Structure formats: C-alpha cells, structure tokens
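> One structure, pasted below without further comment.
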Amino acid sequence: MTAYDPNNIFAKILRGELPAHRVYEDERALAFLDIMPRAPGHTLVIPKNPARNLLDIDQGDLGYVAGIAQRIARAQMAAFAADGITVQQFNESAGGQVVFHLHVHVIPRHEGVALRPPATYKASQDELAASAEKIRAALEHVPQKWEPLLR
Ligand code: 5GP
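In this note's numbering, the protein residues as written are 968 to 1118.
Below, the structure is given as structure tokens:
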C-alpha cells in the first residue's frame, strides 16, 4: 500500500489551504459537505490524524470517526426529514477510493429516491451553504453522548 500523501485534497482542507462547507469540527475529526453530493446533505467525516484509509487508520481514530458519523446521521435525519441514511467508505482504487485520506460518506436518503451516480452533479456554493447550515442547526439537538434513538 502506498504511503500517506500529505498533499491530498482533504489534508489541504484540514490545514485550511482549501475551503470547505464545514458542519462539525473538534480536536480529532472534521465533517464537511461533499462538493458532488449524491443526495442533498451528503457529508464526509474525516479523522484529523493522517490515515490513508481503513487499512492503516488507528483503531481509536476509526471508532471516533464512526461516532461522529453517527451524530451527523442523526442530525441529517432531522435536517432533511430523511427516511434513512447510507454510509459508504471506500479503500484503495480497486475499492472505489479517489481521495486518499480516510473519509466516511454519510448520505441522507428518502424512500424511493435513488442516489445520483458518483461524480455526476456539482452543487452550487449556495446549495452547499444552505445544507451545511441545516446540519449545523440540527447538530445542536444531537446529544454529545450516545443515547438510544429508539426505546
Ligand atoms: P471516494 O474517495 O470515497 O471515492 O470519494 C471522494 C469524494 O470526495 C467524492 O464523493 C467527491 O465528490 C469528494 N470530493 C472530491 N474533491 C473534493 C473537494 O475538493 N472538496 C469536497 N468537499 N469534496 C470533494
């Protein structure tokens, strides 16, 4: 497996060298909108520590990113009145990975609405800004600590 490349696009976003519509950030993880959303609100969650993909990420960072993906999913359910969530994570070119900093796709879904094919639709800055605002607002109501969603 190739070594981590610190000049990948997401490393540049983490360093603030490229812009992104950020929806959540803490000391260990960042969540921002995908510029080519497969559905409105399509979000990427990444660890701050360098990791190429699932094959080299620290287990603690992997668990942490999963926890943030869960919080994003719960916010998206409210923000987009979603019926479900699709989570995707690709590893190496053969596995469909294009950007080589581990990222988890978290995508709101609606009953009967197919995902757009990958890389077919580039959202406007206005659309991304509006989606990001909705998710940030909904995150305010998602508890920091996990609680069962269904009882
Ligand atoms: P993957 O590596 O999981 O196949 O896909 C990479 C994802 O990153 C794609 O969904 C693509 O739309 C997204 N992407 C590529 N370049 C950028 C970028 O510069 N900014 C953002 N926010 N997303 C990007």
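Glycine included, each C-beta is placed from N, C-alpha and C at the ideal position.
Since the structure is predicted, the reported quantities are computational estimates derived from the model, not experimental observations.
(1) Could you give the distance in angstroms between the alpha-carbon of Tyr1088 and the alpha-carbon of Ile1102?
(2) Spatial neighbours of Arg1118 within its chain, please: C-beta separation below 7 Å, excluding the five flanking residues on both sides.
(3) DSSP beta-bridge partners for Pro1075?
(4) Considering just the uninterrupted stretch of the beta strand (DSSP E) at Leu1000, what are its terminal residues?
(5) Who are Pro1014's beta bridge partners in DSSP?
(6) Helix or strand or just coil, what does DSSP make of Arg1038?
(7) In terms of alpha-carbon separation, which member of Ala1081, Glu1059 and Ala1036 lies closest to Leu997?
(8) For His1070, does the count of other Cβ atoms within 10 angstroms reach 16, so buried, or fall short, so exposed?
(9) Can you give me the start and stop residues for the alpha helix (DSSP H) that Ala1104 sits inside?
(10) Using a Cβ-based criterion (distance less than 7 Å to any ligand heavy atom), does Asp1023 qualify as near the ligand 5GP?
(11) Output yes or no for whether 8 Å exceeds the beta carbon distance between Asp1025 and Met968.
(12) Report the three-state DSSP secondary structure of Val1065 (helix, strand or coil).
Concretely, from the data shown:
(1) The sequence position of residue 1088 within the sequence shown is 121, counting from 1. The sequence position of residue 1102 within the sequence shown is 135, counting from 1. Their Cα atoms are separated by approximately 20 Å.
(2) As a position in the sequence shown, residue 1118 is number 151, starting the count at 1. Since pLDDT at Arg1118 reaches only 49, below the 50 mark, its modelled position is unreliable, and the value read off the structure follows with that caveat. So the list is empty, once near-sequence residues are dropped.
(3) Residue numbering aside, residue 1075 sits at position 108 when the sequence shown is read from its first letter. DSSP, once it has assigned bridges, lists Ile1052 as partnering Pro1075.
(4) The residue labelled residue 1000 in the question sits at position 33 within the sequence shown. Here the beta strand (DSSP E) through Leu1000 covers Ala996 to Leu1000.
(5) One-based indexing of the sequence shown puts residue 1014 at position 47. DSSP lists Ala996 as partners of Pro1014.
(6) Looking up residue 1038 in the sequence shown gives position 71. Helix, per DSSP.
(7) By one-based count along the sequence shown, residue 997 stands at place 30. Nearest of Ala1081, Glu1059 and Ala1036 to Leu997, Cα basis: Ala1036.
(8) By 1-based counting over the sequence shown, the position of residue 1070 is 103. So His1070 counts as buried.
(9) In the sequence shown, residue 1104 corresponds to position 137, counting from 1. Looking at the DSSP string, the run of the alpha helix (DSSP H) that includes Ala1104 is Gln1092 to Leu1106.
(10) Reading the sequence shown from its first residue, position 56 is the one you call residue 1023. Because no heavy atom of the ligand 5GP lies under 7 Å away, the Cβ of Asp1023 does not count as near it: no.
(11) Here residue 1025 corresponds to residue number 58 of the sequence shown, with the count starting at 1. Here residue 968 corresponds to residue number 1 of the sequence shown, with the count starting at 1. In this structure, Met968 does not lie closer than 8 Å to Asp1025 by Cβ.
(12) Taking the sequence shown and counting its residues from 1, the one referred to as residue 1065 is at position 98. Coil.
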